[in-house]
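Structure first, commentary second.
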Amino acid sequence: KSKDAKMEVVERVGQLYQMVLVPSRTGFKEILLGHPTYGAGINFDREVYDRLRGEEEIATKLSPLKIREKYLKGTDYVETKNLLDSFLNTPGETRIASVEVLRECIREGVKEGLFGLGYLENGKPKVQRFKEEVSPELVEGEVIISAKLCRPEGVPKQEFQEIMKRVERIATPQELISIREEVEHRLSPEQMERFREEIEKVRGKLAVSAEAGKCKYVELQLEVPPGRLSDVARMVAYLKSKFSTVDLKLELVAKEGEIPEKEYEEKIREALQQAGVRIKKEIKN
């Protein structure tokens, strides 16, 4: 009974709070909580948290694209610790639900090639990771770096020649996929162009194996009518039950219309990033 009485007191006190004042750049923003239902057993802290989330005052996910546009526009790097301090302490700044929200955002941004991750050496940023998995520490000296400073200079000439010889010796589609995953992110734009030209030649030479009436490799280029992507999804699921590796890449072309640049960034680009979809090629004008 004593425990029930304490819970009743907590609920009664919670009913007295009708408004939360949230620090903003110009003062305080008022957020009305409404009247909680007596006896509903809702934790008051949780109720405030859910309300702030609903008002987009607390973020459980950050867009790496927005981080790049807001913090790397006009500068080459930003310390991750300063980013964290900004989210935690700056009035009016986006509030993150936990430190892990920022870590995950940086992971996505580095993997997608929106920016790199590294450390300051003698006051200059040194790239450590770009377009690969990372584990941000959010400590002093760790920085996210503008993508323009992270472009690979390419592998040495002799190593590139060895890579091209390996491409010539490819005998299976699996080998082709493996070498692309291994080296593409290390090549300069010029090397990449030559590498892909040779890859296409090899791809043309690889015939579909039909041993015992079975296909061991399938590659399809599809034109999908609007509204039929679900059929493709079912087909992909079936292929995954037959093959250990199924890579799916989509090509989308939209024309004979228009969309504002800001709306494109918010509705298209950000939606893809939120879904974990990596944009490998983008043409818009």
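Sequential numbering of the sequence shown, starting at 10, is according to the numbering used here.
Note that CB positions come from ideal geometry on N, CA and C, so glycine has one too.
As the structure is a prediction and not an experimental result, all values here were calculated from the model.
Note the first and the last residue of the continuous beta strand (DSSP E) segment covering Ile288.
No beta strand (DSSP E) holds Ile288; DSSP gives it neither H nor E.
Starting from Gln137, trace the beta strand (DSSP E) in both directions and tell me its first and last residue.
Looking at the DSSP string, the run of the beta strand (DSSP E) that includes Gln137 is Lys133 to Arg138.
Which value, in whole angstroms, describes the spacing of the CA atoms of Leu129 and Ala280?
Their Cα atoms are separated by approximately 32 Å.
Measuring CA to CA, which of Ile277, Pro234, Gln230 and Ser250 is closest to Lys258?
Closest by alpha carbon: Gln230.
Does the distance from the C-beta atom of Val136 to that of Leu126 stay below 9 Å?
Yes, the Cβ-Cβ distance between Val136 and Leu126 is below 9 Å.
Does Glu130 come out as helix, strand or coil in the three-state DSSP assignment?
In this structure, Glu130 counts as strand in the three-state DSSP scheme.
Classify Tyr47 as helix, strand or coil using the three-state DSSP reduction.
Note that Tyr47 has pLDDT 49, beneath the 50 cutoff, so the model's placement of it is unreliable and the number below is only indicative. Tyr47 falls in the coil class under three-state DSSP.
Output the distance between the C-alpha atoms of Glu220 and Thr181, rounded to the nearest integer angstrom.
At Glu220 the pLDDT is 49, less than 50, meaning the model places this residue with poor confidence; the figure from the coordinates comes in the next sentence. Each residue's Cα considered, the two are about 14 Å apart.
May I ask you to verify whether the stretch 67 to 77 touches the stretch 261 to 273, counting CB pairs closer than 8 Å and requiring at least 3?
The stretch 67 to 77 vs the stretch 261 to 273: no contact.
For Phe169, name the three-state secondary structure that DSSP assigns.
Correct three-state label for Phe169: helix.
Whole angstroms is fine: what's the gap from Val29's alpha carbon to Glu146's?
Looking at the two C-alpha atoms, the distance is approximately 33 Å.
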